[in-house]
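S.K.:
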Amino acid sequence: MNAAVEKTEKSARGALLHDNLGINESGHLTIAGADTVELAKQYGTPLMVMDEARIRRNMRIYRTAMERSFGKGSYPLYASKAFSCKYIYRIAKEEGMGVDVVSSGELYTAVNAGFDASNAFLHGNNKTDADIVYAIECGIGHIVVDNMVELDRIDEIAGARGVVQPILLRLTPGIDPHTHAAITTGKVDSKFGIAIETGQADDAVAYTLGKQNVRLDGFHCHIGSQIFDVTPFCDAARLMIKYIVSAREKFGYEADILNLGGGFGVRYIESQPELDYADFIERIAGFIRAEVKNSGIKMPRVLMEPGRSIVADSCLTLYTVGGTKVIPGFKSYVSIDGGMPDNPRYALYESDYTVKLASRMRDGDDFVCTVAGRCCESGDLIQENVPIPTPRRGDILAVLVTGAYNYSMASNYNRIPRPAVAAVSENGSVHTVIRRETFDDLVHLDV
Ligand code: LLP
């Protein structure tokens, strides 16, 4: 390859956000080496394509870094709300991850995939009796308790089955991580958890320690999502350690587990950084070690719950272009055969995405447009002001970094079937992990 071509290749790759993406000799976008245009032909669109090696790499980064930085007994739980299906729980099991599940449905999927419930933590701010019964009967490892009404039910349900259920208490440390308001969760007025600041955490610990059928293993907090700065995590850790110290003083109770939740940011667009998660973990660990040393408590086992940063960059979504609409003096649209049913994140949060014309990666980006879905809803947009080559009907358009909170938040609005999900495995072969919904699937619950 001559120097000029190599330079173009490099800048083209640089513009592709992550190094599992590329451009092949046909000028097509590739993921994990697979030609996206060929995959779109083979599977139809919309299609989500996952890079399995990337998922495994991300899981290994967390596993290795957490054990190295925090010591044995510290490990990551994959927050499976980001993308929940049998395939991902099988990988989590093979990679030695714990999982965080937030409903009986996620737990059922995990167990159905052969994941051992004893490595799962059940979350949720309103666990139903059915959730609690199901989780305890599955042998759930831990329940992360949100409030005392729920604790009473867990205690009763466990007691009736002769089980002592391990739990954590979810606390709100009162941190604002300055991310989107809808994904901020650690502030005092959050719907999640029990506030430290109001004294309610103390009441909860005292109450929990008086229960016969639960075992309090420690505390949990989660401050928010898509956070790029290490400071809010250290702030949360400082407040949680301070709380562990005060619980020891007040109740003689010493926490074994400190679960700091998830939230590490992911690069969706060029202007965002690509975080080095191992380095992030080491910086948080260094901070925690110093705090623990100063406070004289024993080093807790630290858990974290990454969701987005495990799956987001492993995936892209492919659509077929329907056409363009140019409104002179106003704006231009490109319409695609998916939209908010498979990716509601722009409609909900105005989330950033990078859009590429996968079938003509070497053409100039001469068309600045809004990517519009096919729903009967003006807000059904995927992104605005994106420069791409002028698209033609039948071109394949790719939205990058769609592995997290896309399929898991998908709906059948307008009775649009959910897309298929295919995975490129480590040996380069491609297989279906979720088949495309059919019209029969759409009506199969209707009576
Ligand atoms: N742990 C708990 C208790 C959580 O609530 C969450 C996310 C996580 C871990 C994982 O956070 P992550 O590492 O993925 O940032 N639907 C929104 C994101 C909602 C996040 C909810 N909780 C979105 O599409 O951006």
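Numbering-wise, my numbering puts 1420 at position 318 of the sequence shown, and it's gapless, one number per residue. Here a beta-carbon is modelled for each residue, glycine too, at the ideal position from N, C-alpha and C. Remember, it's a predicted structure, so these values are computed and weren't measured experimentally.
1) Mind pulling the beta strand (DSSP E) runs of 3 or more residues that sit fully within the region 1382 to 1434?
2) Assuming V1413 contacts A1155 under a Cβ cut-off of 8 Å, what Cβ separation, rounded to an integer in Å, is found between them?
3) Should Y1507 be counted as a contact of the ligand HEM given a C-beta to heavy atom distance under 6 Å?
4) Is the region 1417 to 1432 touching the region 1149 to 1165 in the sense that three or more CB pairs, one from each, lie closer than 8 Å?
5) Leaving out five residues on either side along the sequence, give the residues of the same chain with a beta carbon under 7 Å from the beta carbon of R1158.
6) Would A1222 be called buried (16 or more neighbouring beta carbons within 10 Å of its own) or exposed?
7) Considering only heavy atoms of the ligand LLP, does any lie closer than 6 Å to the CB of R1447?
8) Evaluate F1541 with the Cβ neighbour count: other Cβ atoms within 10 Å of its Cβ, from every protein chain shown; 16 or more gives buried, anything less gives exposed.
9) Starting from the Cα of D1358, find the closest Cα among A1303, G1320, V1394 and give me that residue.
10) From I1518, T1534, K1427, pick the residue whose C-alpha is nearest to that of V1545; which is it?
11) Please confirm if the region 1376 to 1384 is in contact with the region 1455 to 1466, defined as three or more CB-CB distances below 8 Å between the two stretches.
12) Restricting to Cα atoms, I'd like to know which of Y1435, D1482, P1493 is closest to R1462.
13) Mind checking which residues open and close the beta strand (DSSP E) that includes P1334?
14) Mind checking whether R1464 and G1135 have CB atoms under 7 Å apart?
15) For V1526, which residues in the same chain have their Cβ closer than 6 Å to its Cβ, ignoring the five residues on either side in sequence?
16) Around the C-beta of D1543, are 16 or more other C-beta atoms found within 10 angstroms, so that it is buried, or is it exposed?
17) Does D1248 pass the burial test, meaning 16 or more other C-beta atoms within 10 Å, or should it be called exposed?
18) To the nearest angstrom, report how far apart R1538 and G1441 are at their CA atoms.
19) Taking only beta-carbon atoms, is A1380 less than 7 Å away from chain C?
20) For the alpha helix (DSSP H) that L1377 lies in, which residues bound it at each end?
21) Let me know if L1547 comes out buried or exposed under the rule of 16 or more other beta-carbons within 10 Å of its beta-carbon.
22) Measure the alpha-carbon distance for A1181 versus I1429 and round it to whole angstroms.
23) Tell me where the alpha helix (DSSP H) around T1261 begins and ends.
24) What is the C-beta distance between G1326 and G1365, in whole angstroms, given that I count them as a contact (C-beta under 8 Å)?
25) Quick one, are the C-beta atoms of V1307 and A1349 less than 7 Å apart?
26) When we look at the beta-carbon of C1323 and count the other beta-carbons within 10 Å, is it buried (16 or more) or exposed?
27) Could you tell me the distance, in whole angstroms, from the CA atom of Y1145 to the CA atom of H1225?
28) Write down every uninterrupted run of the alpha helix (DSSP H) in the region 1442 to 1486 whose length is 4 residues or greater and which is fully enclosed by it, in chain order.
29) Flag this pair as yes or no: are the beta carbons of F1330 and G1388 separated by less than 7 Å?
30) Return helix, strand or coil for G1370, following the three-state DSSP convention.
31) To the nearest whole angstrom, what separates the beta carbons of V1503 and I1484, a pair I think is in contact under 8 Å?
32) Find out if the Cβ-Cβ distance for the pair E1299, G1276 is shorter than 7 Å.
33) For D1233, name the three-state secondary structure that DSSP assigns.
34) Please report the distance separating the alpha-carbon of E1111 from that of M1161.
35) Would you identify the three-state DSSP class for D1548, choosing helix, strand or coil?
M.R.: From the atom records:
1) 1403 to 1406, 1417 to 1428
2) Contact flag wrong, Cβ pair sits at about 13 Å.
3) For the structure depicted, the ligand HEM is absent and the ligand set comprises only the ligand LLP.
4) yes
5) I1193, E1197
6) buried
7) yes
8) exposed
9) G1320
10) I1518
11) no
12) P1493
13) Note, P1334: premise wrong, no beta strand (DSSP E); alpha helix (DSSP H) at 1333 to 1353.
14) no
15) A1134, A1136, D1153, V1532
16) exposed
17) buried
18) 15 Å
19) Here chain C cannot be found, since the structure has a single protein chain.
20) Note, L1377: premise wrong, no alpha helix (DSSP H); not H, not E.
21) exposed
22) 43 Å
23) The amino acid at residue 1261 is misidentified as Thr; the sequence shows Gly. Counting along the chain, the alpha helix (DSSP H) containing G1261 begins and ends at 1250 to 1262.
24) 5 Å
25) yes
26) buried
27) 35 Å
28) 1447 to 1451
29) no
30) Checking the sequence shown, residue 1370 turns out to be Tyr, not Gly. Coil.
31) The pair is not a contact, with the Cβ atoms about 12 Å apart (cut-off 8 Å).
32) yes
33) helix
34) Reliability fails at E1111, whose pLDDT of 44 lies under 50, so the model's placement of it is uncertain and the value that follows must be treated cautiously. The alpha-carbon atoms of E1111 and M1161 are separated by roughly 29 Å.
35) coil
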